[in-house]
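What follows is one structure encoded as structure tokens, with my remarks underneath.
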Amino acid sequence: MKKYALTALTALVIVACQQKNTPITTVETAPTKPEQTEIWEPKPPVVSVDMENKIPSDAIVLFDGTNTQQWISSKDSTAVKWVVNTDKSMTVKDKTGDIQTKQNFGSVQLHIEWKSSEEIRANGQNRSNSGVFLQNRYEVQVLDNNNNDTYVNGQVGSIYKQAIPLVNAASKTGEWNSYDIIYHQPIFDAKGELTKKGTITVLHNGVLIQDHVTIKGTTEYIGWPKNNAHGKGPIKLQDHQDNSGVSYRNIWVREL
Ligand code: MG
4 MKKYALTALT ALVIVACQQK NTPITTVETA PTKPEQTEIW EPKPPVVSVD
54 MENKIPSDAI VLFDGTNTQQ WISSKDSTAV KWVVNTDKSM TVKDKTGDIQ
104 TKQNFGSVQL HIEWKSSEEI RANGQNRSNS GVFLQNRYEV QVLDNNNNDT
154 YVNGQVGSIY KQAIPLVNAA SKTGEWNSYD IIYHQPIFDA KGELTKKGTI
204 TVLHNGVLIQ DHVTIKGTTE YIGWPKNNAH GKGPIKLQDH QDNSGVSYRN
254 IWVREL
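Quick note: the numbering used here has the sequence shown finishing at residue 259, numbered continuously throughout.
Set out below in structure tokens:
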């Protein structure tokens, strides 16, 4: 650092011309060397990616298709009653309730894949409605919107009733979708006042649909967002209790 500082401070002061009544002074700075703008330490941790399943080595795998041990029922903390399928997915078991991770998280990068029911059973908000909740409060909507209109701030990929997705990048009914979510939690001070709002970015099937959107508060079905102070919270998946038939697979998270 000293060497760079000294180099940076080295300047050639040339008195180009001094005339009796009109002194002219020219100051020239030495050209910046490439090394002066290079940072070598600390080095970022090395993360490798399994190119078969695309899971980063520092990710926490929340569901790999073999069991639901990382999850519990939201309503009573008992074992998950959703159905684990032979294709390494799990399907919402209707009216058994939401499920959530045992572990609590703050800011995260979350990868999750989902598909709607192949069979069309209902319309509007009742067709394959589920959702991914960050910190148990902020919902990224899961819905089958193929030939199925609903309010756009509640459509697939919306931050429910807060942020309309930029585009609808959904797969066809009954086909797999991916969500890659970058979530930064809201910050509250010691008095419980919100000092920094949370933000969320969502890629749907690799397409940007939520671009660093500010979270207004909890995603309410009725009423307005609330901002009660909270700490880390579970990731929750919704049982909308209308025979949604939504399935999930390949869920992993990286803490930020
Ligand atoms: Mg929902």
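Backbone N, C-alpha and C fix where the C-beta goes; we use that ideal spot for every residue, glycine too.
Please read all numbers here as calculations on a predicted model, not as lab measurements.
Between the Cα of R257 and those of M54, S80, S92, G109, spot the shortest distance and give me the residue it belongs to.
The option with the nearest alpha carbon to R257 is G109.
Roughly how many angstroms separate the alpha carbons of W117 and W255, rounded to a whole number?
So the two alpha carbons sit approximately 13 Å from each other.
On the three-state DSSP scale, how would you describe G127?
Looking at G127 - three-state DSSP - the assignment turns out to be helix.
Would you mind working out which of I225, S119, P45, I115 sits nearest L146, comparing C-alpha positions?
The shortest C-alpha separation from L146 is found at S119.
Proximity winner among N149, Y141, H114, Q138, relative to Q128 (alpha-carbon distances)
Of the candidates N149, Y141, H114, Q138, the residue whose Cα lies closest to the Cα of Q128 is N149.
So, are the CB atoms of S247 and S133 less than 7 Å apart?
In contact: S247 and S133 (Cβ atoms closer than 7 Å).
Given a threshold of 16 other Cβ atoms within 10 Å of its Cβ, counted over all protein chains shown, does V159 qualify as buried or as exposed?
The residue in question, V159, is buried, as its Cβ has 16 or more Cβ neighbours within 10 Å.
For E178, tell me which candidate among K235, D79, R252, I63 has the shortest Cα-Cα distance.
Nearest in C-alpha terms to E178, of all of K235, D79, R252, I63, is R252.
Residues surrounding the ligand MG [beta-carbon distance to nearest heavy atom under 7 Å]:
Output, sorted by chain position: N132, S133, G134, E142, Q144, V145, L146, Y163, Q241, H243.
Sequence-distant residues of the same chain with beta carbon closer than 8 Å to K200, five excluded per side:
If you ignore the 5 residues before and after K200, its C-beta comes within less than 8 Å of the C-beta of P189, T217, I218, K219, all in its own chain and listed in chain order.
Is N156 helix, strand or coil when you go by DSSP?
Reduced to three states, the DSSP call for N156 is helix.
First and last residue of the uninterrupted beta strand (DSSP E) at I102
First-last of the beta strand (DSSP E) with I102: 102-104.
Going by C-alpha to C-alpha distance, which of P45, S181, T104, P37 sits closest to I63?
Minimum Cα distance to I63 is reached at T104.
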